[in-house]
Structures are given as structure tokens and as C-alpha cells.
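Sequential numbering of the sequence shown, starting at 48, is according to this note's numbering. Virtual Cβ for every residue (Gly too), placed ideally from N, Cα, C. Because the structure is a prediction, the values reported are computed rather than measured.
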Amino acid sequence: MVVISDFVRGVVLSSLAGITTVVGAIPLLVFHKHFGEKLIDALLGMAAGIMLAASAFSLAGPALEIGGGIRFSVGFLLGALLVDLFDKFSPHEHFLKGHEGAELRRLAKIWLFVIAITIHNFPEGMAVGISGYTPEAIDVAIAIGAQNIPEGAATMVALMNAGYSVRTSLLVTLLTGIVEVIGGIFGAGLILISQKLLPYMLAFAAGAMVFVVSDEVIPETHLRGNERLSTYFLIFGFLVMSVLDVLLG
Numbered sequence: 048m049v050v051i052s053d054f055v056r057g058v059v060l061s062s063l064a065g066i067t068t069v070v071g072a073i074p075l076l077v078f079h080k081h082f083g084e085k086l087i088d089a090l091l092g093m094a095a096g097i098m099l100a101a102s103a104f105s106l107a108g109p110a111l112e113i114g115g116g117i118r119f120s121v122g123f124l125l126g127a128l129l130v131d132l133f134d135k136f137s138p139h140e141h142f143l144k145g146h147e148g149a150e151l152r153r154l155a156k157i158w159l160f161v162i163a164i165t166i167h168n169f170p171e172g173m174a175v176g177i178s179g180y181t182p183e184a185i186d187v188a189i190a191i192g193a194q195n196i197p198e199g200a201a202t203m204v205a206l207m208n209a210g211y212s213v214r215t216s217l218l219v220t221l222l223t224g225i226v227e228v229i230g231g232i233f234g235a236g237l238i239l240i241s242q243k244l245l246p247y248m249l250a251f252a253a254g255a256m257v258f259v260v261s262d263e264v265i266p267e268t269h270l271r272g273n274e275r276l277s278t279y280f281l282i283f284g285f286l287v288m289s290v291l292d293v294l295l296g
């Protein structure tokens, strides 16, 4: 069946996109001592730009075309709201902003970091899995995979700067990629159950990703005096993804 093949495509593409987090981390096994805060902010800024472009052109656009304005609005707002609720009530730790959500002092800080990254990456995996049912599947996978490379590198650097070993930092970075695979399976599975959910879920993924960029990624890059640098890298990431969207379209 075509639906089954689309499900498989969504899962495979989300898996490939998730793996690229490690691609960004691998160079740091050798060169991590030469990288610092400016690199983290630049890489996260670039990742934010790619996510915004992918949300606009590969998720929001198709959602509007398939489902119209009302379905898009419902899905988009629900995506942003759900991530907001997770961010507000789940215990997690940012590298600079510190603790957010419920207080669970028994939980090790490294796992609080993992939860924070999960809030970011699960919607990204969902986006790829859901897009497996659309012609934009490759575009979304490339976008998420491309932004995972700088995001994976930034995660690796931030963890090592926080005092964690190279092995632990690499393992956590790998876990962030696995989270995307799980998100992809979940998203593709929802559409497999009912294709009527497709416009809602495309919009949902777009709303979730835009919220993450605005509420988490951009503020995190503006806390160390590197606002202009991260902004230009955001513009560069948006530009690159926009051009790729046309070339692949």
C-alpha cells in the first residue's frame, strides 16, 4: 500500500536526519579544545535559521495547501501550545538559562539537559515522519538533517564546557538523535492511523518548531553578547535552506 510505503519513508528519513547529530559532534572529538561560546551561538543561530525556513516552506506551506487556513491555524497553534506546556511543566536544565519547569532535585543535571534537548528534538523528528506522506519529504529531511549538524556540534561543545567528559557528551548527543527517530515514528504512525490528520500535523510540527526557535534557541544564543553573530548565522541558515528548497522543489 502507498500509505505503508509513506510510513516507511517517514521513519527512514527521520532516522537519517537524527543520525546527523553525531556527524556534527565527531569533529569535536579532535578539535574541541579550540572551540568556545561564540561557536555554540553561531551554530545554534544557523540551526535556528534552517528550522524557520523548513517550518515556513516545507511544513506550513503544504499544510495550508492541503487543509486550508482553519485546519492550519488549529494545528499550528496546538503545536506551539503543547511544546509550551511541556517546556513549562517538565523539569529540564538549559546550559545558560538554568532550570525550568518542575523541581526534581533527585534527577541528575545531565538528565535535565537531556529532557531540555528532547523538548527541542522530538517535534523535529515528528516533522520528518509526518512529511513522509508529502512531496516535501526529502526537503524536510534535508532541512532537519542539515540543522542537526550544527545543533549536534553545539550540544557537544556545551556539554564539554559544562564539565562532562567527551564520552558522556557524545553519548548525550547521540541520544538527541535517537529522540528524533522516536518522534519520526510517532508522527508517521499518527498519519498511518488517519490521513485526515495530515494537514493538522504538518501545521502542528511547524508551530512546535517555530515556538522552539523563538522561545528556546534564539534566547539561548543572546545571553553571552554574541547576538549579532548568531543573528547573521540565523540569516545564513535561513538563506541556505530557502535556496535548497527551490533547488529541490
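Where residue 271 falls: helix, strand or coil (DSSP)
Taking the sequence shown and counting its residues from 1, one reaches residue 271 at position 224. In this structure, residue 271 counts as coil in the three-state DSSP scheme.
In whole angstroms, what is the alpha-carbon distance linking residue 167 and residue 223?
Residue numbering aside, residue 167 sits at position 120 when the sequence shown is read from its first letter. Residue numbering aside, residue 223 sits at position 176 when the sequence shown is read from its first letter. One C-alpha to the other measures close to 9 Å.
Expected contact under 8 Å - CB spacing of residue 61 and residue 172 to nearest Å
As a first step, residue 61 must be located in the sequence shown, where it is residue number 14. As a first step, residue 172 must be located in the sequence shown, where it is residue number 125. Confirmed, about 5 Å.
Within the chosen definition, does the segment 289-296 reach the segment 186-203 through at least 3 CB pairs nearer than 8 Å?
yes
Can you tell me where the alpha helix (DSSP H) with residue 120 in it begins and where it stops?
The count along the sequence shown starts at 1 and reaches residue 120 at position 73. Segment 108-136, the alpha helix (DSSP H) holding residue 120.
When the distance is taken between beta carbons, is residue 194 closer than 9 Å to residue 101?
Looking up residue 101 in the sequence shown gives position 54. Looking up residue 194 in the sequence shown gives position 147. Contact: yes.
Compare the C-beta of residue 168 with all C-beta atoms of chain D and state if any pair is closer than 9 Å.
Considering every chain present, this structure includes no chain D. It has just one protein chain.
Within the continuous alpha helix (DSSP H) that includes residue 261, where are the two ends?
The count along the sequence shown starts at 1 and reaches residue 261 at position 214. Boundaries cannot be given for residue 261, as no alpha helix (DSSP H) includes it and DSSP labels it neither H nor E.
Quick one: give me the first and last residue of the alpha helix (DSSP H) that residue 209 is part of.
By 1-based counting over the sequence shown, the position of residue 209 is 162. Counting along the chain, residue 209 falls outside any alpha helix (DSSP H), and DSSP gives it neither H nor E.
Straight-line gap, residue 130 to residue 57 (C-alpha atoms, nearest Å):
Residue mapping note: residue 130 aligns to position 83 of the sequence shown, counting from 1. Residue mapping note: residue 57 aligns to position 10 of the sequence shown, counting from 1. Cα to Cα, the separation comes out at about 22 Å.
Using 8 Å as the threshold, is the segment 84-99 in touch with the segment 259-272, meaning 3 or more CB pairs across them?
Under the Cβ criterion (8 Å, minimum of three pairs), the segment 84-99 counts as touching the segment 259-272.
Within its chain, find whatever has a CB closer than 6 Å to the CB of residue 257; leave out the 5 residues flanking it on each side and keep chain order.
Numbered from 1 along the sequence shown, position 210 holds the residue referred to as residue 257. Correct list, in chain order: 102.
Decide if residue 76 is buried, meaning its Cβ has at least 16 other Cβ atoms within 10 Å, or exposed.
Your numbering for residue 76 matches position 29 in the sequence shown. Residue 76 should be labelled exposed.
Could you tell me the boundaries of the alpha helix (DSSP H) in which residue 96 lies?
The residue you call residue 96 lines up with position 49 of the sequence shown. 84-101 is the span of the alpha helix (DSSP H), which, as asked, contains residue 96.
Helix, strand or coil for residue 183? Go by DSSP, reduced to three states.
For the purposes of this step, residue 183 is identified with residue 136 of the sequence shown, where counting begins at 1. Looking at residue 183 - three-state DSSP - the assignment turns out to be coil, as it is neither helix nor strand.
Exposed or buried, residue 286, counting other C-beta atoms within 10 Å across all chains shown (16 or more means buried)?
As a first step, residue 286 is located in the sequence shown; it is residue number 239 there, counting from the start. When all chains shown are included, residue 286 counts as exposed.
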